[in-house]
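Input: a single structure, listed below in structure tokens.
2 protein chains.
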Amino acid sequence: MTEARTQRELIEESLGFLFEAELLEEIIEVGKVKSLESDQILLDTGDDLLYIPFILDGAIKVSRDRDEEELLLYYIESGDTCAMTLQCTVRKSVSEIRATTIEPSRILMIPIMYMEKWMSNYSSWRRYILESYHSRMTELIETVDAIAFMRLDERLEKYLVDQAKLKGSLEIKHTHQQIAEDLHSSRVVISRLLKQLETKGRIQLYRNRIVLSSI
Amino acid sequence: MTEARTQRELIEESLGFLFEAELLEEIIEVGKVKSLESDQILLDTGDDLLYIPFILDGAIKVSRDRDEEELLLYYIESGDTCAMTLQCTVRKSVSEIRATTIEPSRILMIPIMYMEKWMSNYSSWRRYILESYHSRMTELIETVDAIAFMRLDERLEKYLVDQAKLKGSLEIKHTHQQIAEDLHSSRVVISRLLKQLETKGRIQLYRNRIVLSSI
DNA sequence: TCCTGAATGTGACTTTTGTCACTTTTCATT
DNA sequence: AATGAAAAGTGACAAAAGTCACATTCAGGA
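Those protein sequence lines, which keep their order, are chains A and B. Going letter by letter, the first sequence gives residues 25 to 239 in this note's numbering. Going letter by letter, the second sequence gives residues 25 to 239 in this note's numbering.
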């Protein structure tokens, strides 16, 4: 009972301001909360899409991978969903991306069958879905911008700033190897560029830890 | 009268199979057909989004541009719409992309005010909007893949093949300069790589014209 | 046919990024 | 405190892509 109450409160807190009361009740009724540690794969390339995941708390990174090579696409946070999964209502399909927790996270899983029903019944749902798609498109385009128009050192700095904003801290606890994977580069190159950023006074380097001078 | 009849037939032919009859009638009633020559800008970065454009015939390329630099994102064809414009119902916004005709095209312009109404009334409309968003997302991801994971010579070959498929012809009537812009590279580099492709027997080069050996 | 501007070709060079083969540092265990 | 594995640093080199300056070629109008 306590557990159920807590769950209701959690959902109300994260999603309450997004949906009308009636829909929220339905969501609470049919959704299952899943708790994940950091660095767990929530959804992998090729997985069947059976649920629409809503992030209640924590944070997720969405990345593309092609034969072992990876590239960070965007992050999703509390209140967001993964737009790539929304398609499943229309046509059964599999994931084209990988979603990984980057913090301990709680995720509300809604079976896809409710998607179509809610689309016709709730304007708040329609609004939410369209907003989600649009945000994700915009973020994807921002990613394209970065890869196409920026040099790696600029992308690296942007990456560090984005991370800091996301975590709300100037301290980034990543190894150079992890950063290299997110940016689809190599560890040696990232180490080199980080050293340059340190020389320029933008960051301080420690083992497993980078401290940004400012955002 | 003849003009109106032709217009109705055109819309029915391009969009008829997508929407239920009743919605199609509404579309025909409120939409305005716009005819554009090749290489006309339909929508530019920063433009207000007031209409949802449906491609009736012809073809459009959608590209991102940042201070004079350009990058091709994807193409849209008959029956498609530009997903980036769909957001406008929810929140007034401006375009983040540029849409340019690459063939003489006819486009049906629907005032955005109908979007929300149709979303609640027509399941075919909902399905169409979701499908559009998803297709565009998928294409954007494909573009990200290309930029992130492929070398320029591979991207160039993919570009030529895509063009050929789009136009339904092995002959591509572009200057090296135009290709360089779409791929966000420089003319000299593209000329060099095209020469390599010719040496490998993949293409034949002429002035203003490239002929693919096979798709 | 000749001329001209646009399109294409080319060599020499630079910058950016990636790769390889190591060494050194750091931190958490014994 | 010793040690061992992971993380980070480093020099030398290679590959990919971009830049510059100029030469050549072509297509279409005068």
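We put the beta carbon where it would ideally sit given N, CA and C, even for glycine. As the structure is a prediction and not an experimental result, all values here were calculated from the model.
Report the three-state DSSP secondary structure of residue i (helix, strand or coil).
i      : result
K248/A : With chain A running from 25 to 239 in the structure shown, residue 248/A is simply not present.
Y146/B : coil
R90/A  : strand
F173/B : helix
T69/A  : coil
S156/B : helix
E61/A  : coil
S129/A : strand
E140/A : helix
I239/B : coil
L42/A  : coil
K182/B : helix
L96/B  : strand
K197/A : coil
First and last residue of the beta strand (DSSP E) that includes residue i?
i      : result
T124/B : R122 to T125
V235/B : R233 to L236
D81/B  : Y75 to D81
I227/B : I227 to Y230
If I measure Cβ to Cβ from residue i and keep anything under 8 Å in the same chain, skipping five residues before and after, which residues do I get?
i      : result
L207/B : L95, L96, L176, R179, L180, Y183 and I214
E222/B : Q228 and L229
S148/B : L42, F43, E44 and L47
E61/A  : T125 and P128
R216/B : none
V54/A  : I134, P135 and Y138
V57/B  : Q31, L34, I35, L80, R130, I131, L132 and M133
M174/B : K182
Does the Cβ-Cβ distance between residue i and residue j come in under 9 Å?
i      : j      : result
I131/A : G82/A  : yes
A107/A : M161/B : yes
T105/A : Y152/A : yes
V118/B : V168/A : no
E195/A : A204/A : no
E140/B : R233/A : no
R88/B  : A123/A : no
I100/A : V185/A : no
E155/B : Y98/B  : no
S144/A : S144/B : yes
Terminal residues of the continuous alpha helix (DSSP H) containing residue i?
i      : result
R216/A : R211 to T223
Q202/A : H200 to D206
Taking just the CA atoms, how far does residue j sit from residue i?
i      : j      : result
H198/B : V235/B : 11 Å
D68/A  : T125/A : 12 Å
K44/B  : Y157/A : Going by the sequence as given, residue 44/B is Glu instead of Lys. Their Cα atoms are separated by approximately 24 Å.
I134/B : W142/B : 12 Å
S209/A : A170/A : 14 Å
S193/A : L218/A : 18 Å
P77/B  : G103/B : 10 Å
R211/A : R231/A : 14 Å
L74/B  : K85/A  : 33 Å
D72/B  : E37/B  : 29 Å
G70/B  : Q202/B : 23 Å
E120/A : S59/A  : 23 Å
K191/B : E92/B  : 27 Å
Q220/B : H200/A : 37 Å
R90/A  : R90/B  : 28 Å
Less than 7 Å between C-beta atoms, sequence neighbours within five positions excluded: which residues of the same chain meet that for residue i?
i      : result
S237/B : G225, R226 and I227
G40/B  : L48
L66/A  : L60, P77, I84, A123, T124, T125 and I131
Can you list, in chain order, the residues of its chain with a C-beta nearer than 6 Å to that of residue i? Leave out the 5 residues immediately preceding and following it.
i      : result
I165/B : none
Y146/A : L47
Q64/A  : T125
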